[in-house]
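Trainee: Protein chains in written order, with this note's numbering: chain H, 174 to 715; chain L, 2 to 134.
All C-beta atoms in this analysis are idealised placements derived from N, C-alpha and C, irrespective of residue type, glycine included.
Sending over a structure as structure tokens; questions will come in a sec.
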Amino acid sequence: MGVAKYTKDEKDRITDVTLQSGIHVKACYGPEDLEHVGFSYEKDLAEPGQYPFTRGIHAEGFRSRAWTTRQYTGFGTPEESNERFKLMISHGQTGLNVAFDLPTQMGYDSDDPMAEGEVGRVGMAIDSLRDFEIAFKDINLEKIGSGLTINAVASIMLAMYQAVAEKFGFDPKKISATPQNDILKEMIGRGSWIFPVEPAVNLIGDTIEYSINAMPRTNPVSICGYHIRESGATPAQEISYAILIANAYIDNVLKRGYDVDDFVGRFSFNLNVFGNIWEQVAKFRAARKLWARNLKEKYGVKKDSNMYLRGLFGGGGYGLTKAQPENNIMRGAYYALSAALAGAQTIALCSYDEAYTIPTPHSAIISLRTLQLLMDEIGLRDTVDPLAGSYFIETITKEMETKIEEEMAKIEKVGGIVQAVGTGYVQRLVSQQAYEYEKGLQSGELKKVGLNIHTEGEPMDVELHEYTGESAEKQMESLKQLRRERNDREVLRTLKELEEATRAGKNVMPYLVECCKAYATVGEMTRVFRDVFGEFQEPGLF
Amino acid sequence: MDTRPIKILVAKPGLDGHDRGAKVVAHALKEAGMEVIYTGLHKTVDQIIRIAIQEDVDVIGLSIMSGAHIPITEKLVKKAREEGIDDKMIVVGGVIPNRDIPKLKELGAKGVFPGGTPFSEIAGFINENAKKS
Numbered sequence: 174m175g176v177a178k179y180t181k182d183e184k185d186r187i188t189d190v191t192l193q194s195g196i197h198v199k200a201c202y203g204p205e206d207l208e209h210v211g212f213s214y215e216k217d218l219a220e221p222g223q224y225p226f227t228r229g230i231h232a233e234g235f236r237s238r239a240w241t242t243r244q245y246t247g248f249g250t251p252e253e254s255n256e257r258f259k260l261m262i263s264h265g266q267t268g269l270n271v272a273f274d275l276p277t278q279m280g281y282d283s284d285d286p287m288a289e290g291e292v293g294r295v296g297m298a299i300d301s302l303r304d305f306e307i308a309f310k311d312i313n314l315e316k317i318g319s320g321l322t323i324n325a326v327a328s329i330m331l332a333m334y335q336a337v338a339e340k341f342g343f344d345p346k347k348i349s350a351t352p353q354n355d356i357l358k359e360m361i362g363r364g365s366w367i368f369p370v371e372p373a374v375n376l377i378g379d380t381i382e383y384s385i386n387a388m389p390r391t392n393p394v395s396i397c398g399y400h401i402r403e404s405g406a407t408p409a410q411e412i413s414y415a416i417l418i419a420n421a422y423i424d425n426v427l428k429r430g431y432d433v434d435d436f437v438g439r440f441s442f443n444l445n446v447f448g449n450i451w452e453q454v455a456k457f458r459a460a461r462k463l464w465a466r467n468l469k470e471k472y473g474v475k476k477d478s479n480m481y482l483r484g485l486f487g488g489g490g491y492g493l494t495k496a497q498p499e500n501n502i503m504r505g506a507y508y509a510l511s512a513a514l515a516g517a518q519t520i521a522l523c524s525y526d527e528a529y530t531i532p533t534p535h536s537a538i539i540s541l542r543t544l545q546l547l548m549d550e551i552g553l554r555d556t557v558d559p560l561a562g563s564y565f566i567e568t569i570t571k572e573m574e575t576k577i578e579e580e581m582a583k584i585e586k587v588g589g590i591v592q593a594v595g596t597g598y599v600q601r602l603v604s605q606q607a608y609e610y611e612k613g614l615q616s617g618e619l620k621k622v623g624l625n626i627h628t629e630g631e632p633m634d635v636e637l638h639e640y641t642g643e644s645a646e647k648q649m650e651s652l653k654q655l656r657r658e659r660n661d662r663e664v665l666r667t668l669k670e671l672e673e674a675t676r677a678g679k680n681v682m683p684y685l686v687e688c689c690k691a692y693a694t695v696g697e698m699t700r701v702f703r704d705v706f707g708e709f710q711e712p713g714l715f
Numbered sequence: 002m003d004t005r006p007i008k009i010l011v012a013k014p015g016l017d018g019h020d021r022g023a024k025v026v027a028h029a030l031k032e033a034g035m036e037v038i039y040t041g042l043h044k045t046v047d048q049i050i051r052i053a054i055q056e057d058v059d060v061i062g063l064s065i066m067s068g069a070h071i072p073i074t075e076k077l078v079k080k081a082r083e084e085g086i087d088d089k090m091i092v093v094g095g096v097i098p099n100r101d102i103p104k105l106k107e108l109g110a111k112g113v114f115p116g117g118t119p120f121s122e123i124a125g126f127i128n129e130n131a132k133k134s
């Protein structure tokens, strides 16, 4: 499949278009096309806010509520991140999307030798509850929801988020955290996995089960087609793997004796936006429909609102180029436009300098302004699902649905997604696709302004976020101080209880909350899991 | 003349898990006729050196996306010297700002290939500069 294919004749007229997911696009669409794909208004479209939610989950779309703006933010020490969070909120951002550094994501403390050179680099460094107390200082956690971009140790961060909320006097039942908490996608792309598949999925089950009563407004899992697509998957593969992964988490919680309607309404998705605008819109509309149908038909979900595909539609790191970086501002705007035309609940954009490093305040605010401008200046809130009924959009939405189902069938055929991730089958499909895409880009088959057309010689660096290492030193110093000041006996006691609970196969969440409150570190809690679970052995390499 | 293919270790040092680039380049170098070994994720510099020795590769290629390319390259070059394998060519790829390229070369990276470098350029460079041991 590789890239979208455009065939032209000798006069440069386009004679055929095939989108990345394999859908052919014709020069013109009419009622006969809808008939050809078997389109039915009631079954395929229905009213907005009605099953199967193709037109969005709210009857009035963005009229009743604009999308949440949630730029990915966090770097250096908790102090520095807190400052940046407050800056973004003061500029009108309506939710947080917290970036953690790699040691935190991989369950290492800042003073661990494995953390060397990485502390505070790509996100903020968190070692203990004390750091969360600094990071979320003066932020109203009952008003501002927080996405926590962490997966392998998401259970620990969610426990810590509850602990910090309680410490600040907020009611855990009213706070809204969205830990990413999708380990299967980490194994397919992005790579921040620690534990083997089975215990890793079980930890996710623990967070979902625990949230039902303890944090009912929290979205305990955010299934990320986003990173799967960043790793090379086509839009159809992105959605198909995301739905199958979500089903794996549902199955884990069902085994514990819950009714699917108890918990599935809090699932959320993180999906990617870059590339062909029509393909993106069709993808999101088809995804909403397929997710709802999957829940209703496969799992017998009863309540309509539990069938909503809610999510962050984010654009779209892999679409950006290092060449002519300012062009990425325009790319971001078009990606956000695609997301808004498709009825996103939350949008975040990669900033124009992210092909180089994490964003500066300047570039992050430009992304936020892009989202605000679309919201308030050009009429995207006027009416719900404005592309509905277009012969073209409805036809390719149906075709996209079929493509997604075909990709799902491929995975089911080899034993399902858990199996396919364990053996590396999915990873190979994705990396093969990535290679084909790259070849398409390098041959010029996929046109990219500044990269293979309209180029301008040597690319110039823009003003970049600086990493100096000073933050790392400060963080290690404050960790040292924490280790001196905390009650060691309490730390040991809570860690021991965590270990016993883990070995006994109990839900670890209440034990993690106690560890956090005793100021046990992320590294210490993760160590318990590493000892009990072991580590994931990466399969079939490329 | 030695006709065996160039043997290259594509390595992912450190905690960064973004391996699209590493895998894509591994595919491309394989297609260009090289023997490619991929370390998998989360390898320490020591582990990479050990694999390079065991597999007796001609080239070590580091793929780094987190921004830690300078400290990691520095450490790897030092370790390679200590282990007496500094005859192996070291190349670096990933998310690398242009301003860091001279520094990486000074540290001992023979070639630096920021994201988006054409496969033909990477393979061509390695073919021309790798010394088979």
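For a cutoff of 8 Å on Cβ pairs, would you count P276 of chain H as touching chain L?
Mentor: Cβ-Cβ to chain L under 8 Å: yes for P276 of chain H.
Trainee: What is the rounded straight-line gap between the Cα of D344 of chain H and the Cα of L522 of chain H?
Mentor: In a straight line, the C-alpha of D344 of chain H is about 31 Å away from that of L522 of chain H.
Trainee: What does the alpha-carbon distance come out to for the pair D101 of chain L and N625 of chain H?
Mentor: D101 of chain L and N625 of chain H: Cα-Cα distance of roughly 24 Å.
Trainee: Using Cβ-Cβ distances below 8 Å, what residues of the stretch 46 to 68 of chain L are close to chain H?
Mentor: The residues in question are S67, G68.
Trainee: Can a CB atom of chain L be found closer than 8 Å to the CB of V433 of chain H?
Mentor: Answer no: the Cβ-Cβ gap between V433 of chain H and chain L never drops below 8 Å.
Trainee: Can you tell me which residues form a DSSP beta bridge with F709 of chain H?
Mentor: Its beta-bridge partners do not exist; DSSP assigns none.
Trainee: Cβ atoms of G488 of chain H and F436 of chain H: under 8 Å apart, would you say?
Mentor: Not closer than 8 Å, so no.
Trainee: Could you pull out every unbroken beta strand (DSSP E) segment of at least 3 residues lying fully inside the stretch 54 to 113 of chain L, listed in chain order?
Mentor: If we require 3 residues or more, the beta strand (DSSP E) runs fully inside the stretch 54 to 113 of chain L come out as 60 to 65, 90 to 95.
Trainee: For the ligand GDP, is there a heavy atom less than 7 Å away from the beta-carbon of F457 of chain H?
Mentor: The model depicted lacks the ligand GDP and carries no ligand whatsoever.
Trainee: Report the option in H:L218, H:Y472, H:I361, H:E646 whose CA atom is closest to the CA atom of Q605 of chain H.
Mentor: Here the closest residue by C-alpha is H:I361.
Trainee: To the nearest angstrom, how far is it from the Cα of T180 of chain H to the Cα of L192 of chain H?
Mentor: Their Cα atoms are separated by approximately 12 Å.
Trainee: Less than 8 Å between the C-beta atoms of T246 of chain H and M261 of chain H, yes or no?
Mentor: Yes, Cβ-Cβ distance for T246 of chain H and M261 of chain H is below 8 Å.
Trainee: Which same chain residues, not among the five before or five after S237 of chain H, have their C-beta less than 7 Å away from its C-beta?
Mentor: Closer than 7 Å at the Cβ level, and outside the excluded window around S237 of chain H, lie H231.
Trainee: Count the other CB atoms within 10 Å of the CB of R204 of chain H; is the residue buried (16 or more) or exposed (fewer)?
Mentor: Reading the sequence as shown, one finds Pro at residue 204 of chain H and not Arg. It is exposed - the Cβ of P204 of chain H has fewer than 16 other Cβ atoms within 10 Å.
Trainee: Under 8 Å, do I7 of chain L and V46 of chain L count as touching if we go by C-beta distance?
Mentor: Going by C-beta atoms, I7 of chain L is not nearer than 8 Å to V46 of chain L.
Trainee: Cβ of Q410 of chain H less than 8 Å from any chain L Cβ?
Mentor: So no, Q410 of chain H is outside the interface.
Trainee: Out of H:F715, H:P712, H:V681, H:E711, state which residue places its alpha-carbon closest to the alpha-carbon of T699 of chain H.
Mentor: When each option's Cα is compared against that of T699 of chain H, the closest is H:V681.
Trainee: Are any of the Cβ atoms in chain L nearer than 8 Å to that of L444 of chain H?
Mentor: L444 of chain H does not count as touching chain L.
Trainee: Under 8 Å between C-beta atoms, does G112 of chain L make it to chain H?
Mentor: Judged by the 8 Å Cβ criterion, G112 of chain L is not in contact with chain H.
Trainee: In three-state terms, what does DSSP make of L269 of chain H?
Mentor: Strand, per DSSP.
Trainee: Looking at the strands, I want to know which residues DSSP matches up with L444 of chain H.
Mentor: For L444 of chain H, which the question treats as bridged, DSSP gives the partners H:F486.
Trainee: Measure from the C-beta of D17 of chain L to each C-beta in chain H and report whether the shortest distance is under 8 Å.
Mentor: Taking Cβ atoms only, chain H reaches closer than 8 Å to D17 of chain L, which makes this a yes.
Trainee: Excluding the 5 residues flanking G265 of chain H on each side, which residues of the same chain have their C-beta closer than 8 Å to its C-beta?
Mentor: Answer for G265 of chain H: T242, L541, Q545, listed in chain order.
Trainee: Could you name the residues of chain L that K495 of chain H contacts, counting a contact when the two beta carbons are closer than 7 Å?
Mentor: P115, G116, G117, listed in chain order.
Trainee: Span of the alpha helix (DSSP H) holding L668 of chain H?
Mentor: L668 of chain H -> alpha helix (DSSP H) spans 661 to 676.
Trainee: G362 of chain H versus chain L: which residues are under 9 Å apart at the beta carbon?
Mentor: Chain L residues near G362 of chain H: G18, H19, D20, R21.
Trainee: For the beta strand (DSSP E) that contains I9 of chain L, what are its first and last residues?
Mentor: Here the beta strand (DSSP E) through I9 of chain L covers 8 to 12.
Trainee: So the candidates are L:H19, L:L30, L:M90; which of them puts its Cα closest to the Cα of L108 of chain L?
Mentor: It is L:M90 whose Cα lies nearest to the Cα of L108 of chain L.
Trainee: With G318 of chain H as the anchor, note down where its beta strand (DSSP E) starts and where it stops.
Mentor: Counting along the chain, the beta strand (DSSP E) containing G318 of chain H begins and ends at 318 to 322.
Trainee: On the CB-based measure, 16 or more other CB atoms within 10 Å of its CB, does S67 of chain L come out buried or exposed?
Mentor: The residue is buried, with at least 16 neighbouring Cβ atoms inside 10 Å.
Trainee: Hey, G229 of chain H and D558 of chain H: beta-carbon distance below 8 Å or not?
Mentor: Taking 8 Å as the Cβ cut-off, G229 of chain H and D558 of chain H qualify as a contacting pair.
Trainee: Measuring only the C-alpha atoms, how far is G175 of chain H from G398 of chain H?
Mentor: One C-alpha to the other measures close to 18 Å.
Trainee: Taking 6 Å as the limit between beta carbons, can you name the residues of its chain near Y481 of chain H, skipping five residues before and five after?
Mentor: I230.
Trainee: Going by DSSP, what residues sit across from K44 of chain L in a beta bridge?
Mentor: In DSSP, K44 of chain L forms a bridge with L:P14.
Trainee: For R294 of chain H, go through chain L and note every residue whose CB falls closer than 9 Å to its CB, in chain order.
Mentor: Here the neighbours are S67, G68, A69.
Trainee: As a quick exercise: from L:P98, L:F126, L:E84, L:V78, pick the residue whose alpha carbon is nearest that of T530 of chain H.
Mentor: Measuring from the Cα of T530 of chain H, the nearest candidate turns out to be L:P98.
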